[in-house]
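Numbering of the sequence shown is given in the working numbering, commencing with residue 11 and proceeding in unit increments. The beta carbon of each residue, even a glycine, is placed where N, CA and C say it ideally should be. Written below as structure tokens is the structure these notes are about.
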Amino acid sequence: MVVNLKKKKELVARMLNVGSNRVKFEPDKLDDITDSITREDIRSLIKNGVIWTSKPKGTSRSRAKAKLEVKKKHGSGPGSKKGRKTARTGKKELYVKKIRTMRYHLKVLKDRNDVNREIYWSLYKKINGGQIRSLTHLRTTVKDLKSQ
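Structure (structure tokens):
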């Protein structure tokens with residue numbers, strides 16, 4: 011026997027604060043749903059899992075994300091760049107990268123026994139103080155110290 015459950019659906023939707031299209035009924039238990047008259051009856055059916063709500067459907071962002079990825083790659087060539095090198099990467103980031111490479115190179119020299127402990131620490135402090143400007147400057151300084 012086919013029963014019109016439209017009003018029951020609307021009542022459940024009002025109770026659960028959702029749209030009527032999101033309300034779902036268990037197809038095997040339609041007789042119990044037709045017999046339920048009060049809100050209390052409906053609450054018990056919801057608790058038993060005879061009536062439930064489906065999750066809301068949202069707009070998928072996958073296409074938008076893919077488009078954004080492509081957009082990020084385009085227009086980032088040398089002709090589109092404006093400002094100095096530090097306009098895109100910060101001055102501090104550049105400094106940290108430079109210092110780390112110099113310290114690593116110095117450590118390698120120490121491990122290879124190319125420089126002793128005293129020279130190592132004097133150079134380390136010079137790097138920290140900004141007396142040694144770059145990796146090539148460090149190499150020439152080490153070369154000069156070795157020749158003496």
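Between the CA atoms of residue j and residue i - distance to the nearest angstrom
| i | j | result |
| --- | --- | --- |
| Val28 | Arg53 | 15 Å |
| Arg143 | Ser72 | 46 Å |
| Phe35 | Glu103 | 59 Å |
| Lys95 | Ile129 | 33 Å |
| Thr69 | Ala76 | 14 Å |
| Met25 | Asp38 | 22 Å |
| Arg110 | Leu145 | 10 Å |
| Thr158 | Asp124 | In the sequence as presented, Thr is not what sits at residue 158; that position holds Gln. Cα-Cα distance, rounded: 14 Å. |
| Leu155 | Arg127 | 13 Å |
Residue burial classification, residue i (beta-carbon count within 10 angstroms, cutoff 16)
| i | result |
| --- | --- |
| Ser64 | exposed |
| Leu78 | exposed |
| Val13 | exposed |
| Val80 | exposed |
| Lys18 | buried |
| Ser86 | exposed |
| Val118 | exposed |
Cβ distance (whole Å) where residue i is taken to contact residue j below 8 Å
| i | j | result |
| --- | --- | --- |
| Tyr134 | Leu116 | 6 Å |
| Asn55 | Ile47 | Here residue 55 is Leu; the residue named in the question, Asn, does not match the sequence. Not a contact, Cβ separation roughly 12 Å. |
| Arg122 | Ile137 | Actually they are not in contact, since the Cβ atoms of Arg122 and Ile137 sit about 18 Å apart, beyond 8 Å. |
| Pro66 | Arg32 | 7 Å |
What runs of the alpha helix (DSSP H), each 4 residues or longer, lie entirely inside the segment 31-82? 40-45 and 49-58
Ignoring anything shorter than 4 residues, give me the alpha helix (DSSP H) runs that lie fully in the segment 77-139, in order along the chain. 101-121 and 127-139
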